[in-house]
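To start, the structure itself, in structure tokens.
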Amino acid sequence: MSTAAIKDASMEQQKALMAGYFDALATAPERGQKCVYTFVPGNLTELIRSFDLLPVLPEINALQSGMRGKSADYIGLAERGGHSEDVCTYVKCDIGMLKSGNIGPTGKPLPKPDLLLLSYTGCFTFLKWFELLREEYDCPIMMLHIPYQGDGEITPEMRDYVVRQIKDELIPQLERISGVKYDEDRLRQALALSSKAEDDLVWTLESAKHVPSPIDAYFGGVYYIGPIFTAFRGTQDAVDYYRLLRSEVQGRIDQKLGPVTPDGVLEKERYRLVVEGPPNWTSFREFWKMFSCEGAVVVASTYTKVGGLYDRGFRHDPDHPLESLADYCMGCYTNLNFPRRIELLESYINEYQADGFLINSVKSCNSFSAGQLMILRELERRTGRAGGFIESDLVDPRYFSAANIKNRLESYFQMIEAKRLGV
Amino acid sequence: MECFIGIDLGSTTTKAIVVDEDGRILGRGITNSRSNYDVAAKVAREEAYTNVRFSALSQRLRENNALGDQLEAFEIDLGRSFALEGYLGQLARLEECCQRDVFRHAAKGGDTAAISEAITDIIASMRKHAVNMFMGEEEARSDFFRDIAGSDYTEYAAAIARSGGPAFDRLLGVYDRNIIPVENEIDPRSFSQRMTAAFKRIAPLYRGEHDRLAQRIQEVIDEPIDDIRTVGTGYGRARLPFPKEQIRSEILCHGLGAHLMFPATRTVLDIGGQDTKAIQIDEQGVVTSFQMNDRCAAGCGRYLGYIADEMNIGLHELAPLAMKSTCRVKINSTCTVFAGAEFRDRLAAGQHREDILAGLHRAIILRAISLLARSGGIRNEFTFTGGVAKNQAAVSALKEVANENYGELTTNIAPDSIYTGALGAAEFARRGGHGPLAAASPGIGAQGSAATPPKNEHQAVKA
Amino acid sequence: MMTTEISPDGQLAALVADAQRLYEDLAFGSVRAWKDGAQGRRAIGFLPIYAPREIIHACGALPVGIMGGSDRLEIVRGDSYFQSYICHLPRSVVELAVSGRLDALDGFLFPSTCDVIRNLSGMFKVLFPDKYIHYLDLPQNFVAGQGGRFYRSELQSIARAVGALTGIEATPERLRHSIRAYNDNRRVLQQLWQLRCDAPSQVSTAEYYLLLRAGYVVPVEEHTRMVERYLSLVGSVERRAVDNIRVLVRGAFCEQPPLALLRTLERAGCYVVDDDFVQGIRLIPEPIDESGDPFDALAHAFLHRSLPCAVKYDAKRTKAADLVDACKRAQADGVILMAPSFCDPALLDQPMLQKALEEAGIPFTTFKYSEDTGQFQVIREQAGTFADAIKLWGATI
């Protein structure tokens, strides 16, 4: 994730981590290391790594392609291959990348999967995505069905279902592929490390409760969640990263500094916002600047919870390894029902003293987007705070209209200002 | 005279409003937005200033009891003469550019002299026609140079081509290459020069009062207009030649403008050419929430334009036809791209055009209603603005659906609603260019009750 | 009585007209009438595509399919809940709900069809906090001890909740009785399917479709009688066959095409001989075991006896073979892959289905629609060209 202006030591460390990871992926075939393709929400990184397997996350590859300006070509390729303009662009971007040689973000090839682990959390498109990948690869596929929190809670039956699938199907499958015996102690150690890193991640995200906030919990937040969400959870590297990050943020709090933005340290915090929805990746910096140049800081976001609601108390638990993995899978933001999503946003708006909330509605992701207009109105009604609504996409540049978005954002910020002065 | 200016740069037209320190509207101006926002902003402002001075003149003449019952005729004549002056100035520049163009492209044709001569003839005819058009009884087809000159030029060029002159498309090519630069040039003559010339043209008609009139005109010319502050808004606002602090979002300006026109307004709907806005405001005119149409322009004014094109009739003819419907057809799509096809398909299926049109108007209004619902519904009073607010069929469909869903409402439609955004911007300028009430003097700001339309709806204001 | 004097043609027309009235009644008048028939009756709505109606039936309630508003519903408020890139069905469902047309329903099941319907379940919870609203998580793991076990618990929880509404417990005996009632329905629907497949000129697509839709609003026993009566009447009338090709339709399992679109296909030269319209009604086409534990029977049927569908995970990778088999079974000349605009499951499935058809040498054509599509010119031309090409060259275009 190359963002020239961010030069903190933690950033450098993250870059090195990611580079090392993609190197490891590139050399995996020659080193004989096997790889598991799986999805970010509810990923089972600790379990996968406990079999000496490497996780590969297609959404991360797609978003990286978006940031590197490759996604338009990839999507075009997939659409020429018969995919509809209407459907998820992450899928099309990934398929286009695959058809273009599967070159990863560091310019090195990605390994083929030895297992497609269809961890089916919070998104129906995942199912189709791996059915499509299965057409391309001759490898086993495993469906891990994660029930949705339709009634707003995890029932014992749901937990039992996931634990059984992990125990009776996934673990034997991972043993077969890796040739490594399941070692629960090894898993427990990893989960203990996860939990440590998660503590520091939560501390970092909650630092945004300070006024002014030392971090941006959306544009900056996506970097902070990177290592935890992806391939490093359960490693000492992740623990070290979050320790370093925490000390940096503490330094900024001590000096009363605002977040680092593409234009340097934010001078004056003018608007505190809560954001719902994923960011746009193709114009990430341009998008961010539309906020930072107006003094807008995101103090809490839901996107940074797609890999778990750690700030609501969840921790990976070495004492209940499989149960906590099951709860983790079921607890991701996109696996929450609507009333709970609205409650979460409402509590963020209050806890983080936000001036308003903004919804970035992305075309690709129905899991997030379907019903967001109701979230908008409910939150306006419940909090009385200013709500904003913009539309874009994850990685399809055709759906990022900079002039349009800027226009709405400016109107939105001025509305907050007017509300402040007008009352 | 100290004043404040609001400029609204729209996708098709640019509007300017001038208000005094009490928020009274002193003048308005409108022009087409062209390809150049800077010029459009300058021209709109110039037009508004002209309007200010005409209003001032009118007031002075009335105070002086000048001309008696001839006064109104004089005002109309002077206004037309002034407009003619502006038109002739642009025509002269058009001729100059076209002639230069002919010689620059000389090598290609070989018939340079013939084309040059033809252009001289065309412009001469246009000049002659202009006098009739502006000073005579003929009704102007448009207020914008591009429109009037374009249709005249085409007509005369076609006549010349028919009678054995240079080919029509060659002549038209010259025009097409030069209209944009001409349009983007600002009249180099001062108001004083143009006014003097305009007065001179009609002075013989008012010989008896010549000196008194000349004196009043001179006073108005001499009156300094001191623009304290300008605030810009609209789609083109990022490119307005003002510092960022003097730019306000069109949503805020629109909300405030509607509040000034109708102080009890709580919900504003604006349907323009390419975008639709639903805005909720509080009792101070502060925007509390808003929604705009998404990426596509389905259901905006442009959609009606496509339908009119498809039917080969004028935009203004749509509503009267739709109003004749006895059995409205249910139309589901308001996609501009498919508008024509849908229309043809339904005609082919034997449906009546009035009924289809009635269905289309309702479909547009349903889109707007859903945008309103997204923004929080419709609250009394409800104000409808923008180009589509001039369409009676759209207005009655809107009232019908709004009343069905939100109960009986007071629906406001201002004849000059096109200036809503500019008015809001002018009010922001008056309040100091900051937040709505930050710099407003207590007692005036919020109510804005002083913002009444000028008494004299002079014809230089192009509504 | 007069009925004896009415010709079979006339009786058939009246039956179809009844079905069409049911289909066109967006306010579910027949459901209201059924509820008024006795005190304390309850009706439970469910969204596409599949819900275990036997459970609702066993609790004494009427299961009612909510399939959107078709092209007859004017969307006034529904659009304000969804962005333009989301399919049409949820808009019309919200419109039906907020306009009071769904008031006769005492609860709603939202099956795990896609993210949009999933989120709609929560939106209903916000809109109607006092109603029973349940997200029905159908299993995607088809191993009995895994997905089957979980699904069984889902079924039991629905039985408990609906039973609490009606005051009638879904005992094993009642459940077995309900399964029998639906098995009877399955048999007649299977006959209807077979008849249309054998003689598509006798059973028009529109009639077939209207009969299926009637099954989503009237009690199952009544529906079974209706289909039986249709079968006997249609057997006694002679309808003119035309030189149409035989097509199989896939992709229309959730948001439904408007009736005019189905008629357009037929007029353009295509007899539909197999389809996935109203797929929930025949997702499990064969009778379900009536003897053992009814919850197990229902779960087993879903896991192992349900038809393939884009919203179900294709665990055994039989998608391609299933489609080719279906074509053979229906003796289809070609396939129309028609999907609702913005339907992720159908549209993401399409490239895989296309590949299967290409490899099998089966002609196909594709287009998108929405439930309120009002223009059929393009579709008419496309379907017509497709039919002509097959008739002339027996090949795809």
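Sequences listed follow chains A, B and C, in order. Just so you know, we're using our numbering here: the first sequence kicks off at 1 and counts up by one. Just so you know, we're using our numbering here: the second sequence kicks off at 1001 and counts up by one. Just so you know, we're using our numbering here: the third sequence kicks off at 2001 and counts up by one. Ideal Cβ placement from N, Cα and C applies to all residues, glycine included. The structure displayed is predicted, hence computed values, not measured ones.
How far does the beta strand (DSSP E) with residue 301(A) in it reach, from first residue to last?
Here residue 301(A) refers to the residue found at position 301 of the first sequence. Annotation for residue 301(A): the continuous beta strand (DSSP E) segment containing it runs 296-301.
Using a 10 Å radius around the Cβ and a threshold of 16 neighbouring Cβ atoms, would you call residue 2250(C) buried or exposed?
In the third sequence, counting from the first residue as 1, residue 2250(C) sits at position 250. Residue 2250(C) should be labelled buried.
Between residue 2035(C) and residue 2027(C), which are expected to be in contact by the criterion C-beta below 8 Å, what is the C-beta distance as a whole number of angstroms?
As a working note, residue 2035(C) is residue 35 in the third sequence. As a working note, residue 2027(C) is residue 27 in the third sequence. Taking 8 Å as the upper bound for CB-CB distance, residue 2035(C) and residue 2027(C) are not in contact here, some 13 Å apart.
Cβ pair residue 377(A), residue 1136(B) closer than 8 Å:
Numbered from its first residue, the first sequence carries residue 377(A) at position 377. Numbered from its first residue, the second sequence carries residue 1136(B) at position 136. Not in contact: residue 377(A) and residue 1136(B) (Cβ atoms no closer than 8 Å).
Taking any Cβ of chain A, which residues in the segment 1359-1389 of chain B have a Cβ under 8 Å from it, in chain order?
1374, 1376
Should residue 365(A) go down as buried or exposed, given a rule of 16 or more other Cβ atoms within 10 Å for buried?
Reading the first sequence from its first residue, position 365 is the one you call residue 365(A). That one is buried.
Tell me the DSSP secondary structure of residue 2310(C) in three-state form.
The count along the third sequence starts at 1 and reaches residue 2310(C) at position 310. Residue state, collapsed to three classes: coil.
If we count the other Cβ atoms within 10 Å of its Cβ and call it buried at 16 or more, is residue 1411(B) buried or exposed?
Looking up residue 1411(B) in the second sequence gives position 411. Its Cβ being crowded by 16 or more others within 10 Å, residue 1411(B) is buried.
Through-space distance from residue 2126(C) to residue 2180(C), alpha-carbon basis:
As a working mapping, residue 2180(C) is identified with position 180 in the third sequence. As a working mapping, residue 2126(C) is identified with position 126 in the third sequence. Looking at the two C-alpha atoms, the distance is approximately 37 Å.
In chain A, what lies closer than 7 Å to residue 2300(C) by C-beta?
Stepping through the third sequence from its first residue, residue 2300(C) is reached at position 300. Within chain A, no residue comes near residue 2300(C); the closest Cβ sits about 17 Å away, beyond 7 Å.
Consider the Cβ of residue 2351(C): report whether some Cβ of chain A lies at a distance smaller than 8 Å.
Taking the third sequence and counting its residues from 1, the one referred to as residue 2351(C) is at position 351. Taking Cβ atoms only, chain A reaches closer than 8 Å to residue 2351(C), which makes this a yes.
For chain B, is any of its Cβ atoms less than 8 Å away from the one on residue 2331(C)?
Numbered from 1 along the third sequence, position 331 holds the residue referred to as residue 2331(C). No, its Cβ sits nowhere closer than 8 Å to a Cβ of chain B.
Proximal chain B residues relative to residue 372(A), where beta-carbon distance stays under 7 Å
Within the first sequence, the letter at position 372 stands for residue 372(A). Neighbours of residue 372(A) on chain B: none; closest Cβ ~11 Å, over 7 Å.
So, is residue 236(A) buried or exposed, given that buried needs 16 or more other C-beta atoms within 10 angstroms?
Translated into positions along the first sequence, residue 236(A) becomes position 236. It is exposed - the Cβ of residue 236(A) has fewer than 16 other Cβ atoms within 10 Å.
Check whether the segment 23-39 of chain A and the segment 106-121 of chain A are in contact - that is, three or more C-beta pairs closer than 8 Å.
yes
In this structure, how does DSSP classify residue 2062(C) when only helix, strand and coil are distinguished?
Locating residue 2062(C) in the third sequence gives position 62, counting from the first residue. Three-state DSSP puts residue 2062(C) in a strand.
Would you tell me roughly how many angstroms separate the C-alpha atoms of residue 1979(C) and residue 2216(C), rounded to the nearest one?
Since the first and last residues shown for chain C are 2001 and 2397, residue 1979(C) lies out of range.
Report, in whole angstroms, the separation of the C-beta atoms of residue 116(A) and residue 37(A), which I expect to be a contact under 8 Å.
Looking up residue 116(A) in the first sequence gives position 116. Looking up residue 37(A) in the first sequence gives position 37. Cβ-Cβ separation between residue 116(A) and residue 37(A): approximately 5 Å, consistent with a contact (criterion under 8 Å).
Report yes or no: is there a C-beta of chain E within less than 8 Å of the C-beta of residue 2360(C)?
Structure shown: chain E not included; protein chains present are A, B and C.
Look at the alpha carbon of residue 2240(C) and the alpha carbon of residue 2227(C), and state the distance between them as a whole number of angstroms.
The residue labelled residue 2240(C) in the question sits at position 240 within the third sequence. The residue labelled residue 2227(C) in the question sits at position 227 within the third sequence. So the two alpha carbons sit approximately 21 Å from each other.
Give a yes or no on whether the minimum CB-CB distance between residue 127(A) and chain C is below 8 Å.
Residue mapping note: residue 127(A) aligns to position 127 of the first sequence, counting from 1. Answer yes: the Cβ-Cβ gap between residue 127(A) and chain C drops below 8 Å somewhere.
Could you check what DSSP says for residue 149(A) in three-state terms: helix, strand or coil?
In the first sequence, the residue the question calls residue 149(A) occupies position 149. Residue state, collapsed to three classes: strand.
Residue 96(A) and residue 73(A) closer than 8 Å at C-beta:
Taking the first sequence and counting its residues from 1, one reaches residue 96(A) at position 96. Taking the first sequence and counting its residues from 1, one reaches residue 73(A) at position 73. Contact: yes.
Skipping 5 residues on each side, what residues in its chain have a beta carbon closer than 6 Å to that of residue 99(A)?
For the purposes of this step, residue 99(A) is taken as the residue at position 99 of the first sequence. By the criterion of a C-beta distance shorter than 6 Å, residue 99(A) is surrounded in its chain by 77, once the five residues flanking it on both sides are discounted.
Beta carbon of residue 1160(B) nearer than 8 Å to that of residue 1172(B)
As a position in the second sequence, residue 1160(B) is number 160, starting the count at 1. As a position in the second sequence, residue 1172(B) is number 172, starting the count at 1. No.
How far does the beta strand (DSSP E) with residue 2368(C) in it extend, from its first residue to its last?
By 1-based counting over the third sequence, the position of residue 2368(C) is 368. Note, residue 2368(C): beta strand (DSSP E), 2364-2369.
Output needed in chain order: residues of the segment 2092-2121 of chain C with a Cβ under 8 Å from some Cβ in chain B.
Residues of the segment 2092-2121 of chain C with a Cβ closer than 8 Å to any Cβ of chain B: none.
When burial is assigned at 16 or more other CB atoms within 10 Å of the CB, is residue 1443(B) buried or exposed?
By one-based count along the second sequence, residue 1443(B) stands at place 443. In this prediction, residue 1443(B) has a pLDDT of 31, which is less than 50 and means its spatial position is unreliable; what the coordinates show is noted afterwards. Exposed: under 16 other Cβ atoms inside 10 Å.
So, at 6 Å on beta carbons, what are the nonlocal neighbours of residue 363(A) in its own chain, with the 5 sequence-adjacent residues on each side left out?
Looking up residue 363(A) in the first sequence gives position 363. Excluding sequence neighbours, residue 363(A) sits near 393, 399.
Residue 1012(B), DSSP secondary structure in three states:
Position 12 of the second sequence holds residue 1012(B). Coil at residue 1012(B), not helix or strand.
Is there contact here, the segment 1270-1280 of chain B with the segment 1377-1395 of chain B, by at least three beta-carbon pairs under 8 Å?
yes
Chain A contacts from the segment 2284-2316 of chain C (Cβ-Cβ distance under 7 Å):
2313, 2314, 2315
So what does DSSP say about residue 110(A), is it helix, strand or coil?
Residue numbering aside, residue 110(A) sits at position 110 when the first sequence is read from its first letter. Here residue 110(A) sits in coil by DSSP.
Take residue 2420(C) as the anchor and find which of 2198(C), 2221(C), 2242(C) has the nearest alpha-carbon.
Since the first residue of chain C shown is 2001 and the last is 2397, residue 2420(C) is not available in this structure.
Identify the contact partners of residue 2126(C) in chain B, using a Cβ-Cβ distance below 8 Å as the criterion.
In the third sequence, residue 2126(C) corresponds to position 126, counting from 1. Against chain B, the beta carbon of residue 2126(C) has no neighbour under 8 Å; the closest one sits roughly 15 Å away.
What's the C-alpha gap between residue 2130(C) and residue 291(A)?
As a working mapping, residue 2130(C) is identified with position 130 in the third sequence. As a working mapping, residue 291(A) is identified with position 291 in the first sequence. About 40 Å.
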